[in-house]
Amino acid sequence: MWRQCMNGTGRILARLCSLWVLLTPALTLLSTSCNAKAGERGDVLAERPTIQSTDSHIVVFKTGVDTKQVEEHRLWLQQLEIDARLKVAVTGAQVPVGLDGDGYSAPWSYAPYDAFNISSIIVGYSGQFGSAMIEQIRRHPDVDRIEPDHEVRILSTSHHPETQEHAPWGLARLSHRRPLNLTKDHSYVYASEAGLGVDIYIIDSGINTEHDDFEGRASWGHVIPGMVEEDTIGHGTHCAGIAASKTYGVAKRAKVIAVKPLDRDHARMSNILKAIEYVVDRHNAAKLRRGYKGAVANMSMGTPDRTQLLNDAVDAASQAGVHFAVAAGNGNGDACEFSPAGALLAITVAASTIRDERASFSNYGKCIDIFAPGLEIESTWIGSRNATHMLEGTSMASPHIAGLVAYLLSLQPSSDSAYAVNGSLGPDKMKAMIRSLATVGALAKLPEGTANLLAYNGGGASNLTLPTLAQASRL
């Protein structure tokens, strides 16, 4: 959903072992095209049907299933395949017993036994099975649920304090309470910490890490096997620039890490789960790093239909201490019916315009936590070391908040500081802090039940640690 704005047994067993991770309700990039003709729908979901796999599924274990039980389950699955092959040999059947009559409709895509474990809360695997096999797995006492491996897509619409003069309007709006003067240049006022000590993970199409505006702070983290370390469509680079680039970014000293689960503008949900798992693992490892202040993940993507598994995965990662900013979606509908916009612990971001209106494409409703600029947003791009591009969508609003979270985290003492206080600024308190800082009532004509809160960075103040944090911790 983004707009561009710019005027044999071995084979069977190998398949089984590859089971562990495939989520496909469709995650979609959330943006739209400013070049779209009047009256046209510019979002990807409207243009492209959801890809529903016929035999790819994700299996999630019940809470409390331990490592031994997981291994026993794997061996049980393996034995099912062996038994099926033996029956084939005895009966002369052409396909394994227990599978659909047409066997597997698609080859295995991943390395053997690709399981996922998100903070020991969401544990399971993915694979391709016929209907008879699915029913056997469903009846297993350790299995909580089975879901289709949906597809996920990008969500954009094609298209002392420091002061940055001639700043992009989105940054300027973030640092001022009053509406912007549309006839004047804009300034962005921010504290000099500006995200220092914070890692921002861009779960997207990749990042042009060589872009000069990242000043060497961008790097590659995790790439799904079979993909290359390259952003071929620009969406991830654009989001990374909004979050943390020198010219277009909210948190100008934060590090940005590319996590690429997408094949162009879409991905299997199982790949998204592996990406989330990677972020949690890396965050846990980084806690020992001197001066480390936390991890933020941006997800400018989503499914056109609510999928509880994706919401649960984001919430599990949040419980592990990773802050999530997620796009609300561009369907001009209820954000609660979209995932991961419906995740309880993530900060769900809707899009606003320079005139302080809800962007016409932006989702709304009770699941919206905050509004941020999302129309005609300029940022970093692909193709050269200084390329820029303009996009719009909730895909662009979300990284404004990912950057703001990183910015606010950088104002707090690091965990190894002598000034560190008991109790970190976790995702629940951060969401409360973002909402308590927001400009209230700035947006006109919002749908009923939608929070009228426009993101604000404190106007460059660096003493938000004490009173505001104390208030947020009680919310």
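In terms of mature numbering (1 follows the signal peptide of the UniProt record, and there is no 0), the sequence shown is residues -28 to -1, 1 to 447.
Glycine included, every Cβ here is placed at the ideal spot set by N, Cα and C.
The alpha-carbon separation between Gly432 and Leu168 amounts to approximately 15 Å. In the DSSP assignment, no residue is bridged to Lys40.
For Val32, the enclosing beta strand (DSSP E) has its first and last residue at Ser28 to Phe33. 8 Å or more divides the Cβ of Ala427 from the Cβ of Ala322.
Apart from the 5 residues on each side of it in sequence, Ala378 sits with its Cβ closer than 6 Å to the Cβ of Gly167, Val170, Ile172, Ala223, Ala226 and Val268 in its chain, given in chain order. Burial is judged here by how many other beta carbons sit within 10 angstroms of a residue's own beta carbon; Gln100 has at least 16 and is buried. In the DSSP secondary-structure assignment, Pro345 is bridged to Ser324. Nearest to Lys246 by alpha-carbon distance, out of Ile175, His207, Thr275 and Trp192, is Ile175. Spatial neighbours of Pro399 in its own chain (CB-CB distance under 6 Å, excluding positions within 5 residues in sequence) are listed in chain order as Ser290, His295 and Leu317.
Annotated three-state conformation of Trp48 is helix, per DSSP. When only Cα atoms are considered, Asp277 and Pro133 end up about 43 Å apart. Apart from sequence neighbours up to five positions away, the residues of its chain that approach Pro140 with a beta-carbon distance below 6 Å are Tyr220 and Glu350, ordered along the chain. Its chain contains Asp203, Ile205, His207, Gly208 and Leu234 as the residues whose beta carbon lies nearer than 6 Å to that of Ser177, once the 5 sequence neighbours on both sides are disregarded; these appear in chain order.
Exclusion of the five residues before and after Asp328 leaves Pro151, Ala414 and Leu415 as the residues of its chain whose Cβ lies within less than 6 Å of its Cβ. The criterion of a C-beta distance shorter than 8 Å is satisfied by Ser191 and Ile229. If you draw a straight line from the Cα of Leu363 to the Cα of Leu347, it comes to about 7 Å. C-alpha of Val195 to C-alpha of Ile179: approximately 11 Å in a straight line. At a Cβ-Cβ threshold of 8 Å, Asn283 and Ala374 do not count as neighbours.
Ranked by how close their Cα comes to the Cα of Ser147, the residues Asp185, Ala410 and Glu43 have Ala410 in first place. With distances taken between CA atoms, Leu49 lies nearest to Arg110 out of Arg110, Glu187, Val37 and Ala239. In this structure, Glu165 and Ile30 do not form a Cβ contact; the two beta carbons are roughly 40 Å apart against a cut-off of 8 Å. Annotation for His183: Thr352 and Arg357 place their beta carbon closer than 6 Å to its own, counting only its chain and skipping 5 residues before and after. Here DSSP, grouped into helix, strand and coil, assigns Glu123 to strand. Asn89 sits in a strand when the DSSP states are folded into three classes. Within the DSSP secondary-structure output, Asn429 pairs in no beta bridge. Inter-residue distance for Asp55 and Lys34 is about 26 Å (C-alpha atoms, whole angstroms). Ser92 counts as exposed, since fewer than 16 other C-beta atoms from the protein chains shown sit within 10 angstroms of its C-beta.
For Arg236 and Asn424, the gap between their C-alpha atoms comes out near 34 Å.
A distance of 8 Å or more separates the beta carbons of Ala307 and Ile342. For the pair Leu281 and Leu397, the Cα-to-Cα distance works out to about 26 Å.
Contact annotation, His238 with Arg125: C-beta distance approximately 4 Å; criterion of less than 8 Å satisfied.
In this model, Pro385 and Ala404 are separated by some 19 Å (Cα to Cα). In this structure, DSSP gives Met199 a state outside helix and strand, which the three-state scheme calls coil. Secondary structure note for Gln136: its beta strand (DSSP E) is the uninterrupted segment Glu134 to Gln136. CA-to-CA, the gap between Met241 and Asn153 works out to about 43 Å.
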